[in-house]
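Take the sequence shown: its letters are residues 22 to 344, numbered as in my numbering. Beta carbons: idealized from backbone N, C-alpha and C, even for Gly.
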Amino acid sequence: MLRAVPALPVTYDDIAAAARTLAGKAHRTPVLTSATVNERTGASVFFKCENLQRGGAFKFRGAYNALVRFSFEQKQRGVVAYSSGNHAQAVALAGKLLGIAAVIVMPGDAPAVKAQGARGYGAEVVLYDRARDSREAIADEFVRSRGTTVIPPFDHPHVVAGQGTAAQELIEDAGALDYLLVPCGGGGLLAGCAIAANQLSPGIRVIGVEPAAGDDVTRSLRSGTIQSVRNPQTIADGARTSAPGALTFPLIMHHVHDMLTVTDDELLCSMFYLWERMKIVVEPTGALGAAALLEGKLDARGKRVGVIISGGNADFRNLSRFL
């Protein structure tokens, strides 16, 4: 049963408004199927390929939906964002399209391809040490010194609403679903997709998927209180968040039915399987939902299952050592 929480910060109306804003700006990414995957799982599986989104990940949806709403003064002062990579590139790209100068605070160990991508879109990239520095404190210094506006990677209503359009499109294109599997870091994509899925496909079960080393949202959902993990060591760099947000947590408690976790070994096997069988480039975090299904974490036999492939910004130099 979904949990009753009053005055939720994001509703389906916000997602519908975001969809109108993103029309013609974000790609309507394809929904792919695979007879091989269906045979392996016993389910009818529909992959929403956000690895083919602008910037290589779903993050463009939320970033553009947030930045386009800036006032004239905010646009003049610029935006600052902190991210391990995909939100960084998304904010940089949205800023470039909207004429807003972007500063991106990234961990020094973020995949090089993501830092290069942010710089390629014209952003100023500031690197920090995960173990020593606070990315929020660095961003706050830019707010004080330059008057920039912070757009966090997940804990923002316009970001959540934008991310929810991925599930909206999936259900519009594939039809009603029994399950929806969504990668989860801080919960922005999961929360937005869950809102859309419950509205458009009544009776669906929305399940978030985290790396086993970073199971903060799983423990938070099951305990009913925000749980945290410090600097989780996982190949899924986009899910190395410490805790769900103050905004995403109540949305997840209300709209999400369950959480699953997968190990790095399971994640890598599933990611390479998608590369080989479906001929699409998927990054580790992007394969979280697929890994839960392919590794048998969910009995989906006879069901219609949606899977969000959240990103494709794979660092091949790093991942080649696992081949």
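{"query": "Segment limits, alpha helix (DSSP H) that includes G327", "result": "That residue, G327, is in no alpha helix (DSSP H); its beta strand (DSSP E) goes R325 to I330."}
{"query": "Selection from G99, F67 and A131 that minimises the alpha carbon distance to L118", "result": "G99"}
{"query": "Candidates E71, T54, R251 and A215: closest to A195 by CA position", "result": "T54"}
{"query": "Cβ neighbours of V302 in the same chain (closer than 7 Å, five flanking residues each side left out)", "result": "N72, W296, G333 and A335"}
{"query": "Residue of V126, A158 and E157 minimising C-alpha distance to E145", "result": "V126"}
{"query": "Same chain, Cβ closer than 7 Å to P51, neighbours up to 5 away in sequence not counted", "result": "C70 and L73"}
{"query": "Rounded separation between R433 and A217 - CA only", "result": "There is no way to answer for residue 433, as the model of the chain reaches only from 22 to 344."}
{"query": "Buried or exposed (CB count within 10 angstroms, at least 16 for buried), A136", "result": "buried"}
{"query": "Same chain only: Cβ atoms within 6 Å of G183, ignoring 5 sequence neighbours per side", "result": "A39, R82, G83 and N86"}
{"query": "Other residues of its chain near R325: CB distance less than 6 Å, five sequence neighbours each side excluded", "result": "S65, L198 and D199"}
{"query": "Residues bridged to S70 [DSSP beta-bridge criterion]", "result": "Checking the displayed sequence, the identity of residue 70 turns out to be Cys instead of Ser. Per DSSP, I330."}
{"query": "Test item: CB-CB of G208 and F175 under 8 Å", "result": "yes"}
{"query": "Neighbour flag for F79 against chain D, beta carbons, 8 Å", "result": "Included in the structure is just one protein chain, with no chain D present."}
{"query": "Meets three-Cβ-pair contact criterion under 8 Å: the stretch 96 to 110 and the stretch 152 to 165", "result": "yes"}
{"query": "Contiguous beta strand (DSSP E) assignments of at least 3 residues, all confined to the stretch 251 to 309", "result": "279 to 283"}
{"query": "Among G138, V283 and A56, the one whose alpha carbon lies nearest that of A78", "result": "G138"}
{"query": "Status (buried if at least 16 other CB within 10 Å, exposed otherwise) for S341", "result": "exposed"}
{"query": "Inter-residue Cα distance where the pair is R24 and I273", "result": "Caution applies to R24, whose pLDDT of 49 falls short of 50 and renders its modelled position unreliable; the model cannot decide the point."}
{"query": "Distance, P30 Cα to A312 Cα", "result": "30 Å"}
{"query": "Alpha carbon of A115 to alpha carbon of R90, nearest angstrom", "result": "12 Å"}
{"query": "Simplified DSSP state of R345, which is helix, strand or coil", "result": "No statement about residue 345 is possible, as the shown extent of the chain runs from 22 to 344 and does not include it."}
{"query": "For A212 and V283, the rounded distance between their alpha carbons", "result": "20 Å"}
{"query": "Y103, DSSP secondary structure in three states", "result": "strand"}
{"query": "Anticipated Cβ contact below 8 Å, R226 with G63, distance rounded", "result": "Rounded, the Cβ-Cβ distance is 17 Å, inconsistent with contact."}
{"query": "Whole-angstrom C-beta distance between L289 and L309, which should lie under 8 Å", "result": "The pair is not a contact, with the Cβ atoms about 12 Å apart (cut-off 8 Å)."}
{"query": "Reference D258; option with closest CA among M280, D285, R240 and A267", "result": "D285"}
{"query": "Where the alpha helix (DSSP H) through V134 begins and ends", "result": "A133 to G141"}
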